Amino acid sequence: MAYDYERDYAEAARDPDGFWRKVAQRIDWMQAPTQIRDVSFDAKDFRIRWYADGTLNATVSCLDRHLATRGDRTALIFEPDDPNGETQRIPYRELHARVCRLANALRNLGVAKGDRVTLYLPMIPDAAVAMLACARIGAIHSVVFGGFAPHSIADRIADCRSKLVITADEGLRGGKRIPLKANVDAALALPGTNSVETVLVVRHTGAAVPMQMPRDRWVDAVVEGQPDTCDPEPMNAEDPLFILYTSGSTGKPKGVLHTTGGYIVYASWTHERVFDLRDDDVFWCTADVGWVTGHSYVVYGPLANGATCVMFEGVPNYPDYSRFWNIVDKYQVTIFYTAPTAIRALMREGDAPVKATSRKSIRVLGTVGEPINPEAWRWYHDVVGDARCPITDTWWQTETGGTLIAPPLDRPQKPGSAMKPLPGILPAIVDGKGNVLEGETEGNLVLLDSWPGQMRTVYGDQKRFFETYFSTFPGKYFTGDGSHRDADGDYWITGRVDDVIIVSGHRIGSAEVESAFVSHPKVAEAAVVGFPHDIKGQGIYAYVTLMDGEAEDDALRAELIAHVRKEIGPIATPDHLQWAPGLPKTRSGKIMRRILRKIAEGAPEQLGDTSTLADPTVVESLVKHRRGQ
Ligand code: 6R9
Numbered sequence: 175m176a177y178d179y180e181r182d183y184a185e186a187a188r189d190p191d192g193f194w195r196k197v198a199q200r201i202d203w204m205q206a207p208t209q210i211r212d213v214s215f216d217a218k219d220f221r222i223r224w225y226a227d228g229t230l231n232a233t234v235s236c237l238d239r240h241l242a243t244r245g246d247r248t249a250l251i252f253e254p255d256d257p258n259g260e261t262q263r264i265p266y267r268e269l270h271a272r273v274c275r276l277a278n279a280l281r282n283l284g285v286a287k288g289d290r291v292t293l294y295l296p297m298i299p300d301a302a303v304a305m306l307a308c309a310r311i312g313a314i315h316s317v318v319f320g321g322f323a324p325h326s327i328a329d330r331i332a333d334c335r336s337k338l339v340i341t342a343d344e345g346l347r348g349g350k351r352i353p354l355k356a357n358v359d360a361a362l363a364l365p366g367t368n369s370v371e372t373v374l375v376v377r378h379t380g381a382a383v384p385m386q387m388p389r390d391r392w393v394d395a396v397v398e399g400q401p402d403t404c405d406p407e408p409m410n411a412e413d414p415l416f417i418l419y420t421s422g423s424t425g426k427p428k429g430v431l432h433t434t435g436g437y438i439v440y441a442s443w444t445h446e447r448v449f450d451l452r453d454d455d456v457f458w459c460t461a462d463v464g465w466v467t468g469h470s471y472v473v474y475g476p477l478a479n480g481a482t483c484v485m486f487e488g489v490p491n492y493p494d495y496s497r498f499w500n501i502v503d504k505y506q507v508t509i510f511y512t513a514p515t516a517i518r519a520l521m522r523e524g525d526a527p528v529k530a531t532s533r534k535s536i537r538v539l540g541t542v543g544e545p546i547n548p549e550a551w552r553w554y555h556d557v558v559g560d561a562r563c564p565i566t567d568t569w570w571q572t573e574t575g576g577t578l579i580a581p582p583l584d585r586p587q588k589p590g591s592a593m594k595p596l597p598g599i600l601p602a603i604v605d606g607k608g609n610v611l612e613g614e615t616e617g618n619l620v621l622l623d624s625w626p627g628q629m630r631t632v633y634g635d636q637k638r639f640f641e642t643y644f645s646t647f648p649g650k651y652f653t654g655d656g657s658h659r660d661a662d663g664d665y666w667i668t669g670r671v672d673d674v675i676i677v678s679g680h681r682i683g684s685a686e687v688e689s690a691f692v693s694h695p696k697v698a699e700a701a702v703v704g705f706p707h708d709i710k711g712q713g714i715y716a717y718v719t720l721m722d723g724e725a726e727d728d729a730l731r732a733e734l735i736a737h738v739r740k741e742i743g744p745i746a747t748p749d750h751l752q753w754a755p756g757l758p759k760t761r762s763g764k765i766m767r768r769i770l771r772k773i774a775e776g777a778p779e780q781l782g783d784t785s786t787l788a789d790p791t792v793v794e795s796l797v798k799h800r801r802g803q
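The sequence shown begins at 175 in the numbering used here and counts up one residue at a time.
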């Protein structure tokens with residue numbers, strides 16, 4: 175183990191500026207920063223700035239600087255959905271050339287520094303190439319997960335006024351074709367999307383897709399003849415690198431904005447530190463690039479570190495439940511990073527599909543996305559890791575850019591605990607009034623100070639940024655998570671304390687699902703909560719009130735569930751829909767979700783005080799008709 179946790183944490187605490195100055199040296203700067211941090215979480219002089227007088231281009235650290243020393247080393251290994259399909263090994267030299275050609279093509283198409291580009295792509299190397307090509311010329315990419323439906327794509331395009339969209343003809347998952355280009359066409363027919371001038375299409379499955387001229391262009395055609403070098407746009411450290419939309423407790427998804435210097439420093443440093451990265455590692459993070467985990471630990475972190483990284487287009491159960499482990503053996507993966515929901519789904523199938531494979535190459539296992547239950551942790555440790563490999567349970571968020579809390583690998587882990595803040599990270603647990611609680615305790619997880627990878631704003635809405643994260647507990651960043659801290663000072667994240675539901679590791683806002691419901695003409699009102707689900711961690715439970723005169727029947731129930739799926743995407747499909755002639759509301763009209771959560775959980779004895787309800791009798795009827803037993 176190259177590091178000593180206590181020593182590093184103490185060093186960062188003693189001299190944060192000196193510590194983060196040193197960490198920043200791992201990145202190639204055009205102009206090295208002399209200013210390190212400039213931060214205040216207070217309303218009156220609120221600001222978050224890191225390395226503010228530095229100049230760089232993130233792709234230089236991810237590509238150019240490796241050419242002399244490791245140009246022939248594999249940057250990306252691509253494993254297609256079909257296990258007999260064509261794999262690819264892309265060396266750093268080739269990745270650099272591909273990024274430069276696309277970057278030149280984007281410049282030719284009129285994309286300039288600061289312009290927004292929406293990416294809607296499968297998990298294929300072209301996704302990484304597209305992200306880096308944007309970064310090369312200073313365009314701000316906004317990756318939209320390939321599982322989102324046209325409405326969700328349109329909202330995300332409209333919010334940031336994208337000039338260009340990059341998609342593929344189709345994606346492939348578990349043998350099924352995902353009509354990506356058709357979804358983009360449908361999205362661009364929706365209002366608010368007229369900022370888009372060009373759609374670039376990657377030829378992936380070779381399916382025939384209608385091209386609208388002159389809007390649509392094949393990527394092969396526009397990169398043809400482009401030079402394979404491209405001057406990197408000099409970016410101030412605080413210039414935006416990307417926007418990534420994520421769900422919050424209220425309203426529509428917000429565009430989390432990350433800037434260039436702090437983000438790349440933090441993604442790269444945490445990737446090395448959290449996984450104990452070594453030079454000969456083959457790193458595989460199973461996350462899709464549509465999520466922050468794919469940004470930081472498939473693309474930016476690993477590439478900045480010159481690592482070899484696996485990209486897998488498919489799913490863990492296709493063609494069978496050994497797929498992950500077969501891929502591990504095929505490429506001799508040494509570090510494997512996935513989500514608890516995948517672990518639980520595989521655990522359900524028993525040990526045989528795992529035991530049929532070797533997995534000897536694995537050195538470190540990681541997990542992210544939601545709390546991991548100790549049972550799944552033990553199975554991951556004992557069966558997948560043959561009780562040989564440490565597990566790093568990494569707690570972080572889209573907003574944090576990289577991992578903040580993870581077990582130091584120089585000591586035994588505790589199943590279900592993310593354990594310790596990384597050096598330079600200052601978590602605290604506060605009560606409902608914002609008082610910092612000491613010692614062994616439980617409450618709301620906050621951060622007392624900034625770190626380079628912290629998000630800088632909600633795109634186009636600084637007020638929402640401040641209000642969402644800094645107004646609940648003034649002077650502190652509120653994570654939205656609850657946490658326990660044990661007598662050893664180790665953190666155990668207990669889950670969201672707000673109205674965000676984490677379904678299979680994906681964040682879904684209650685408000686988003688509710689507004690999808692009420693966009694249906696027969697729905698008067700809807701309230702959506704999470705409930706414990708064996709595989710997904712949390713499932714979606716919906717209470718729906720129909721318009722007067724509409725009949726509560728199973729056909730309409732199925733229609734409404736399909737409607738939500740169509741509006742947002744399959745990940746937001748409600749598991750249960752209960753008809754609610756009335757919803758529990760306070761006298762001021764606020765829906766009491768605490769009560770709805772307890773009903774959905776099947777714990778009506780824990781309803782607590784219902785005396786403040788406008789009409790306490792609605793609760794009784796909801797308890798009686800609970801779904802899903
Ligand atoms: C990276 C990512 C963030 C939310 C976060 C928390 C949950 C993530 C976790 C975890 C317990 C872990 N979460 N990692 N909870 N233990 N190791 O997942 O980002 O999609 O923004 O979700 O996920 O609730 O607040 P994002």
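Ideal Cβ placement from N, Cα and C applies to all residues, glycine included. These numbers come from a predicted model, not from an experiment.
Considering only the beta carbon of each residue, do residue i and residue j sit closer than 8 Å?
i	j	result
Leu451	Ala481	yes
Met521	Met297	no
Leu418	Val291	no
Phe691	Ala700	yes
Tyr179	Pro476	no
Gly380	Asp343	yes
Pro514	Glu544	yes
Leu415	Ile340	no
Thr512	Thr460	yes
Leu237	Leu295	no
Ala328	Leu374	no
List the endpoints of the continuous beta strand (DSSP E) containing residue i.
i	result
Gln712	Gly711 to Leu720
Asn618	Thr615 to Leu621
Thr512	Ile509 to Thr512
Asp315	According to the sequence shown, residue 315 is His rather than Asp. Element bounds for His315: Ile314 to Val317.
Val489	Taken as a continuous stretch (DSSP letters only), Val489 belongs to no beta strand (DSSP E), as it is neither H nor E.
Mapping DSSP to helix, strand and coil, what is residue i?
i	result
Asp300	helix
Leu269	helix
Pro595	strand
His680	strand
Ala788	coil
Tyr633	coil
Trp570	coil
Trp443	helix
His325	helix
Arg290	strand
Cys563	coil
Ile536	coil
Lys428	strand
Val542	coil
Asp503	helix
Leu520	helix
Taking residue i as part of the alpha helix (DSSP H), name the residues at either end of that continuous run.
i	result
Ala550	Pro548 to Trp553
Gly475	Gly475 to Ala478
Glu253	Not the alpha helix (DSSP H): Glu253 falls in the beta strand (DSSP E), residues Thr248 to Glu253.
Gly349	Run containing Gly349: none; DSSP gives neither H nor E here.
Pro182	The residue you asked about is not Pro; residue 182 is Asp in the sequence shown. Where Asp182 is concerned, the enclosing alpha helix (DSSP H) stretches over Tyr179 to Arg188.
Asp394	Val393 to Val397
Val456	Here Val456 belongs to no alpha helix (DSSP H); instead the beta strand (DSSP E) covers Val456 to Cys459.
Leu770	Arg767 to Glu775
Ala342	Looking at the DSSP string, Ala342 is not in any alpha helix (DSSP H); the run it does join, the beta strand (DSSP E), is Leu338 to Ala342.
Spell out the partners DSSP gives residue i in its beta bridges.
i	result
Ile331	According to DSSP, which records beta bridges pairwise, Ile331 is partnered with nothing at all.
Asn414	In the sequence as presented, Asn is not what sits at residue 414; that position holds Pro. According to DSSP, Pro414 bridges with Thr433.
Ala700	Val718
Ala602	Val620
Gly669	Gly656
Gln205	Thr229
Arg223	Asp212
His707	Gly711
Gln262	Phe252
Cys236	For Cys236, which the question treats as bridged, DSSP gives no partner whatsoever.
With respect to 7 Å, is the separation between the Cβ of residue i and the closest non-hydrogen atom of the ligand HEM below this value?
i	result
Ile676	Because the ligand HEM does not appear in the structure shown, any question about it cannot be addressed here, the ligands present being the ligand 6R9.
Does chain C have any CB closer than 8 Å to the CB of residue i?
i	result
Thr434	Looking for chain C here will not work: only one protein chain is present.
**OP:** Please list the segments of the beta strand (DSSP E) lying wholly inside the segment 721-760, counting only runs of 3 or more residues, in order along the chain.
**Re:** Entirely contained in the segment 721-760, the beta strand (DSSP E) runs reaching 3 residues are, in chain order, 750-753.
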